[in-house]
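In this note's numbering, the protein residues as written are 24 to 441.
This is the structure we're talking about:
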């Protein structure tokens, strides 16, 4: 009997061929990484790190699929992303890296995440990626590029172009849906019903609007800008070094154009020309990123100055997160002025304390009358109050002095040692 195609059979779901395959592969790799080797009672630190990385990759993929699906009813997210109050746990245990922290991420802004090594910059990026900071709406797409790339079995077989093209989840899902519709048209005597025909048109129009036919060409261009030769582009990722794998994932993230792009040391492994290209790509002159938010951790000062519009600073001493407008150089200048001003205030306060202590500690040198004794007592109380004020500024002093003792060493250029 002839069949009629209905909309429900072609609606995009998280179990479409490609996304289901990716999820299965990620699940399997994650389970294998979490499974202790025979003869061992527990995982090693490296095994735990690998399991956590694979789990995060799986969470990110599933969240991107869910975000694309949510947009069909919710539309794209246009507002800021708020994280009003959060604590950032220390992965190694012990005291949290951040306490009672807060920030607001505005579309069109590029945030430089800065702080001394070990303060939790990469940990905070991963927390943003995993949606464990603030309330990230379901329809927000997030893409995270780390310094380490852990490939699933399926990814290892793909070429860089394949990886980049498949980063556009919406395109992949639409093509899979179109294949189902076309198959129904071919195998149905009556073709599609009214609802199915309408959906068919919507899918074709959306694919055309996003430039689906030019995806491979655009992906190839991205990889060329990041230094890939034709020979490198033809290799499966399993045959590429770690640096080229990171470049591939960077190209994939840029190709996907997520609402929130998180980059951990993106200029590492890049040539000077590739760094300059990435700088132009993410700059305010590119309208693509004027409606999206970017957070970057980098030791390339020139890159940070050219790309970033704001700074997020993590203080290891105070375990606080501060947010300021301006690039790194502006932040560094303001920080220096704060250090100088604070030093002057501290010196002035200490001089006043010494003066008061000196007066109060002279006994009857200035007379033994009750009024003099009362005055000396008042001076001693004033000195005590100033001492208390100094104690209240201990955290702020430590926060400023951590930069004085060991300045944040942000370098210029391409690849960074260490």
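Note that CB positions come from ideal geometry on N, CA and C, so glycine has one too.
*Among 80, 69, 134, 156, the one whose alpha carbon lies nearest that of residue 105*: Checked all of 80, 69, 134, 156; the closest Cα to residue 105 is 156.
*Excluding five sequence neighbours on each side, which residues of the same chain lie with their C-beta closer than 7 Å to the C-beta of residue 122?*
These residues qualify, in order along the chain: 110, 342.
*Proximity of residue 284 and residue 275 at Cβ, strictly below 8 Å*: Going by C-beta atoms, residue 284 is not nearer than 8 Å to residue 275.
*asked:* For residue 60, which residues in the same chain have their Cβ closer than 6 Å to its Cβ, ignoring the five residues on either side in sequence?
replied: With a pLDDT of 49 at residue 60, under the threshold of 50, the modelled position of that residue is not reliable, and the figure given next carries that caveat. None.
_Buried versus exposed, by CB contacts within 10 Å (16 or more), residue 270_ = Buried: at least 16 other Cβ atoms inside 10 Å.
*Quick one: what's got a C-beta closer than 7 Å to residue 178's C-beta in the same chain, skipping five residues either side?*
So the list reads 186, 260, once near-sequence residues are dropped.
*State the Cα-Cα distance for the pair residue 355 and residue 255, rounded to the nearest angstrom.*
Cα to Cα, the separation comes out at about 40 Å.
*Member of 232, 183, 298, 206 whose CA lies at the smallest distance from the CA of residue 253*: Checked all of 232, 183, 298, 206; the closest Cα to residue 253 is 183.
*Residues in its own chain within less than 7 Å of residue 352 by CB, not counting five upstream and five downstream?*
These residues qualify, in order along the chain: 328.
*Between which two residues does the alpha helix (DSSP H) containing residue 96 stretch?*
Note, residue 96: alpha helix (DSSP H), 68-97.
*Exposed or buried, which one is residue 56 when buried takes at least 16 other CB atoms within 10 Å?*
With a pLDDT of 48 at residue 56, under the threshold of 50, the predicted position of this residue should be treated as unreliable, and no value is reported.
*Answer yes if the segment 124-138 comes into contact with the segment 87-98, meaning at least three C-beta pairs across the two stretches below 8 Å, and no otherwise.*
The segment 87-98 makes no contact with the segment 124-138; the number of CB pairs closer than 8 Å stays below 3.
*Within this structure, are the beta carbons of residue 148 and residue 337 separated by less than 8 Å?*
Note that the C-beta distance between residue 148 and residue 337 is not below 8 Å.
*Whole alpha helix (DSSP H) runs in the segment 147-188 with 4 or more residues, listed along the chain?*
DSSP runs (the alpha helix (DSSP H)) wholly in the segment 147-188: 176-180.
_The beta strand (DSSP E) that contains residue 298, what's its start and end?_
Premise fails: residue 298 lies in the alpha helix (DSSP H), 295-305, not in any beta strand (DSSP E).
_According to DSSP, simplified to helix, strand and coil, what is residue 345?_
Here residue 345 sits in strand by DSSP.
*asked:* I'd like to know if the segment 75-88 and the segment 135-145 are in contact, where contact means that at least 3 CB-CB pairs between them fall below 8 Å.
replied: The segment 75-88 makes no contact with the segment 135-145; the number of CB pairs closer than 8 Å stays below 3.
*asked:* In whole angstroms, give me the CA-to-CA distance for residue 68 and residue 235.
replied: The straight-line gap from Cα to Cα measures roughly 42 Å.
_On the DSSP bridge list, what partners appear for residue 444?_
The chain is shown only over 24 to 441; residue 444 falls outside these bounds and no answer can be derived.
_Can you look up residue 316 in the DSSP assignment and give me helix, strand or coil?_
It is a strand residue.
*Give the straight-line distance between the Cα atoms of residue 191 and residue 363, rounded to the nearest whole angstrom.*
Between residue 191 and residue 363, the C-alpha separation is close to 49 Å.
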